[in-house]
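As structure tokens, the structure follows; a few thoughts come after it.
In the working numbering, the protein residues as written are 138 to 1091.
Now the structure itself:
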């Protein structure tokens, strides 16, 4: 592919490389595309050299990322050229520009077939390469028989047959029905007798694909595969070019052993014995050396041999040898080898009678749990979890609990779940199980699911001998000055149910138990308060004789929460207060919980449902996180009865410019700037076009809602901008967040209205950035959620509140953002019709005990759907005069805009995606700009803005 002789192509590439910016590059590409299109129109005057040069230019422009929507026919026509240089260009460019469904490919099928069945080997290789790259169904149906003939014919050179095998593999993967399974078994067996290792390697790739779907038809290939392995293991008749660092064709060895794993077993005793001799040779001859390349090749062969040994269920002696070899690997310093050793040792656990041998390496596996590489730590955790049984459960669980204090946040949830499952499955006694779970909650409360502490409660409730011990342990943890909320839940529940069993112990009187639990009340969330109220009621019930002081304290708490906004808390407080005044009847009503029915543990069931190959666990977990998310897309904010609740965010609007506004209306309109409520009087017409476009939001409150008036604060016009910023994240009907934003939110929003990337919101815990791309009436915004802390942000929620003229879809948002991590959440926007309503992002997260909620305007505003376009007076005025009136043409005058120099006004209009057209108005004091507005319903609309003597005419 010598391009040095094409001076025009070299000059074009040089010009592209010398462009200073993207705009210069685009102009140069547009110029060249225009030139190429012109030359192709006069195709008769093109020499083969020129056609080849212009097709190369098209390919280079396509590689730069530009759409090339012409010239495909010229590229396809080069395939039929008689000379190699033109034919090569045709095949390469066609492979790159056209996909398998393109209509032009049908025109080339006959030419490609002629090249395949011809005698020119170079042309055959070009044709096979293109067919293999594209792999369409029409190619498969028309060319598969010819490709098969090339492969099985010994009259062609190995180079052609190699390409034929790979081409047929591609066609089979895309269209499995093109290969006749019944007729190909004998042919494949013949191909495995091939002496050339290149053809043999390509044929083995084809065999792996075939036996993966129809192994029953290819039993005759099994002994041939074993003979190939014998030949490679003994290094017989292996050319030097297929020997890689002293290893005979490692690629062929791996593929052959992979093919053997698709057969259920090896029945012939002689074949089985020969195969195990080869595997034994591989196991004995593999060791760790300093050369990285040799290590990679030898270990690829070794690990495929280990997989084959496990598949064939070899003798225990060979299994022991495999485990011993892996034990060496997990002890070396090279992290890649340690990882592979741990992963394959985990897979060995699936084989019977091997677990006891793996236990000998338990100390080394535990050491790997502290490795700096998190992937190695994950594999060590999987291996410890798999090898645990009654004999070593205590040691492994204690190690996991110790490691929990220093483990990465990314691993703690998985670590906690596995420790809880092991403690439940292999507990020597129930008191040890309670100790483990309480330690687990104490060390990693944020990562302990409710299923774990629910299970503890079930065990304690169902075992009377365990109840005093569990209550005493819960009392010990409550003495700590700071404990996790999950520990408060489980301790309060156990104390409420069984605390009376500790009545004779020091520090365990009802008043003391109430006092130590009540100390935790101010720090817990609304989800825990109902449990504490139930505990108070139980303590009150068990207080014998009654204590008047304790009774008054508990009644005061119930009285306080009778008016709580949370329905669950309010109902419990009211009912417990009423019940506590019924005297002796309270004992019967609040009796101990009955024993839970025996059922399978939810934790163990979860583990059984997800027991898969450990190499795939991380990917499966990631997919599960992506499938379960708290991200919602709200399409209609109005409830069915037409009256939203007071604290619900209503429809978000910006003041309308419509001429049919009721100017006499005395109703007030609520306005909000990212959450700040104020009242503004309705105006007969907007005084500031840009102020309306980018100014504060107006929120239609629910009917009958009284909102105290306060002056509207507009950034840059008046008022304290800091005050606006501080209040800009206060949600409607809620108190201000304890976490204050960094920087001015209103200014950030205004800046993003004029550019496509930047920071939308930032506080000490999180930064929300936006990067947007707009095309016609559609847009794609990517929200970048960055955790700035060394602790995770949990309970992350993102809700889009779109106006009616937008169709918006937010991708799934993870519930947790790991420390120092950033997640990306694409948001698709479709503009359905013209409007100046603005969408709002309702975003919330929890950090520590702080729940932060912000409502942020999204910069999907009117000017994002504008495309600047030059307009001349000759084009515009005849069309304007030909239109009769609304709705075909509309005109509005806006007065009272702040005076602005022409240059500053021109810059502002350019940033709003309007193009200044100096030829439209002959008066030099006037400024005219034009643009096209796009929406799904109206398509393209031409818009003009004219600035006249410090005024704006539209």
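All C-beta atoms in this analysis are idealised placements derived from N, C-alpha and C, irrespective of residue type, glycine included.
Checklist entry - Quick one, which of 903, 961, 936 has its alpha-carbon nearest residue 921's? => result Looking only at 903, 961, 936, the smallest Cα-Cα distance to residue 921 is reached by 961.
Next on the checklist: Taking the beta carbon of residue 261 as the centre, do at least 16 other beta carbons fall within 10 Å, making it buried, or is it exposed?
Outcome noted: Of the other Cβ atoms in all chains shown, 16 or more fall within 10 Å of the Cβ of residue 261; this residue is therefore buried.
Checklist entry - the ligand MN heavy atoms versus the CB of residue 970: any closer than 7 Å? => result The ligand MN is absent from the structure shown, which contains no ligand whatsoever.
Next on the checklist: Looking at residue 615: is its Cβ nearer than 8 Å to the Cβ of residue 648?
Outcome noted: No.
Next on the checklist: Quick check: the Cα distance between residue 893 and residue 166, rounded to an integer number of angstroms?
Outcome noted: Taking the straight line from one Cα to the other gives about 24 Å.
Item to check | Pair within 8 Å by beta-carbon distance, residue 336 and residue 295 | outcome: Their beta carbons are under 8 Å apart, which means residue 336 touches residue 295 by this criterion.
Checklist entry - Would the beta-carbon of residue 325 fall within 8 Å of that of residue 355? => result Taking a C-beta distance under 8 Å as the contact criterion, residue 325 and residue 355 qualify as a contact pair.
Checklist entry - For the beta strand (DSSP E) that contains residue 153, what are its first and last residues? => result Per DSSP, residue 153 belongs to no beta strand (DSSP E); it is in the alpha helix (DSSP H), 144 to 154.
Next on the checklist: When you compare the CB positions of residue 1065 and residue 1080, do they come within less than 8 Å of one another, or not?
Outcome noted: No, the Cβ-Cβ distance between residue 1065 and residue 1080 is not below 8 Å.
Item to check | Close-in-space but distant-in-sequence residues of the same chain around residue 366 (CB under 6 Å, 5 per side omitted) | outcome: Within the same chain, Cβ atoms closer than 6 Å to the Cβ of residue 366 are found at 393, 415, the five residues on either side in sequence being excluded.
Checklist entry - What does a CB cutoff of less than 6 Å around residue 466 pick up in its chain, not counting 5 residues either side in sequence? => result So the qualifying residues of the chain are 474, 478.
Checklist entry - Of the residues 972, 553, 309, which one's Cα is nearest the Cα of residue 535? => result Measuring from the Cα of residue 535, the nearest candidate turns out to be 553.
Checklist entry - Hey, out of 528, 532, 527, 506, whose CA is closest to residue 520's CA? => result Ranking the options by Cα distance to residue 520, first place goes to 506.
Checklist entry - Is residue 636 near residue 608, with beta carbons less than 8 Å apart? => result Taking 8 Å as the cut-off, the Cβ atoms of residue 636 and residue 608 count as close.
Item to check | Which listed residue (1084, 877, 198, 1001) has its alpha carbon closest to that of residue 1061 | outcome: Considering only alpha carbons, the answer is 1084.
Checklist entry - Measuring CA to CA, which of 1052, 947, 430 is closest to residue 1007? => result Checked all of 1052, 947, 430; the closest Cα to residue 1007 is 1052.
Item to check | Cα-Cα separation between residue 266 and residue 430, rounded to whole angstroms | outcome: Answer to the nearest angstrom: the Cα atoms are 29 Å apart.
Next on the checklist: Quick check on the DSSP output: the alpha helix (DSSP H) that includes residue 411 runs from which residue to which?
Outcome noted: Taken as a continuous stretch (DSSP letters only), the alpha helix (DSSP H) holding residue 411 covers 406 to 421.
Next on the checklist: Here's the rule: buried if 16 or more other CB atoms are within 10 angstroms of the residue's CB, otherwise exposed. What is residue 441?
Outcome noted: By the neighbour-count rule (16 or more Cβ atoms within 10 Å), residue 441 is buried.
Checklist entry - Using CA coordinates, which residue listed in 297, 246, 405 is at the minimum distance from residue 276? => result Residue 246 is the option with its Cα nearest to residue 276.
Checklist entry - What are the partner residues of residue 963, as DSSP defines its beta bridges? => result Residue 963 is bridged by DSSP to 919.
Checklist entry - Cβ atoms of residue 1075 and residue 970: under 8 Å apart, would you say? => result Yes, they are a contact pair.
Checklist entry - Start and end of the alpha helix (DSSP H) containing residue 306? => result Its alpha helix (DSSP H) spans residues 295 to 311.
Next on the checklist: For residue 917, count the other beta carbons within 10 Å of its own beta carbon; 16 or more makes it buried, fewer makes it exposed. Which is it?
Outcome noted: Exposed: under 16 other Cβ atoms inside 10 Å.
Next on the checklist: Whole angstroms are fine: how far does the CA of residue 678 sit from the CA of residue 778?
Outcome noted: With a pLDDT of 34 at residue 778, under the threshold of 50, the predicted position of this residue should be treated as unreliable, and no value is reported.
Checklist entry - residue 723 to residue 709, Cα distance in whole Å? => result Cα to Cα, the separation comes out at about 14 Å.
Item to check | Cα-Cα separation between residue 530 and residue 987, rounded to whole angstroms | outcome: Using only the alpha carbons, I get a separation of about 38 Å.
Item to check | Spatially closest choice to residue 144 from 191, 163, 170, 171, by CA coordinates | outcome: Nearest in C-alpha terms to residue 144, of all of 191, 163, 170, 171, is 191.
Checklist entry - Can the beta-carbon of residue 308 be found closer than 8 Å to that of residue 281? => result Contact: yes.
Item to check | Expected contact under 8 Å - CB spacing of residue 995 and residue 967 to nearest Å | outcome: Contact between residue 995 and residue 967 is absent: CB atoms are separated by about 14 Å, not below the 8 Å threshold.
Checklist entry - What did DSSP end up calling residue 904 once you bin it into helix, strand or coil? => result Three-state result, residue 904: strand.
Item to check | Anticipated Cβ contact below 8 Å, residue 622 with residue 653, distance rounded | outcome: Actually they are not in contact, since the Cβ atoms of residue 622 and residue 653 sit about 16 Å apart, beyond 8 Å.
Checklist entry - Per DSSP, residue 899 is paired with what? => result Under DSSP, the beta-bridge partners assigned to residue 899 are 904.
Next on the checklist: Rounding to the nearest angstrom, what Cα-Cα distance links residue 434 and residue 956 in this structure?
Outcome noted: C-alpha separation (whole angstroms): 37 Å.
Item to check | Those runs of the alpha helix (DSSP H) which lie wholly inside the stretch 203 to 233 and span at least 4 residues | outcome: With a minimum length of 4 residues, the continuous alpha helix (DSSP H) runs that stay inside the stretch 203 to 233 are 209 to 214.
Item to check | Rounded separation between residue 284 and residue 451 - CA only | outcome: Spanning the two alpha carbons is a distance of roughly 40 Å.
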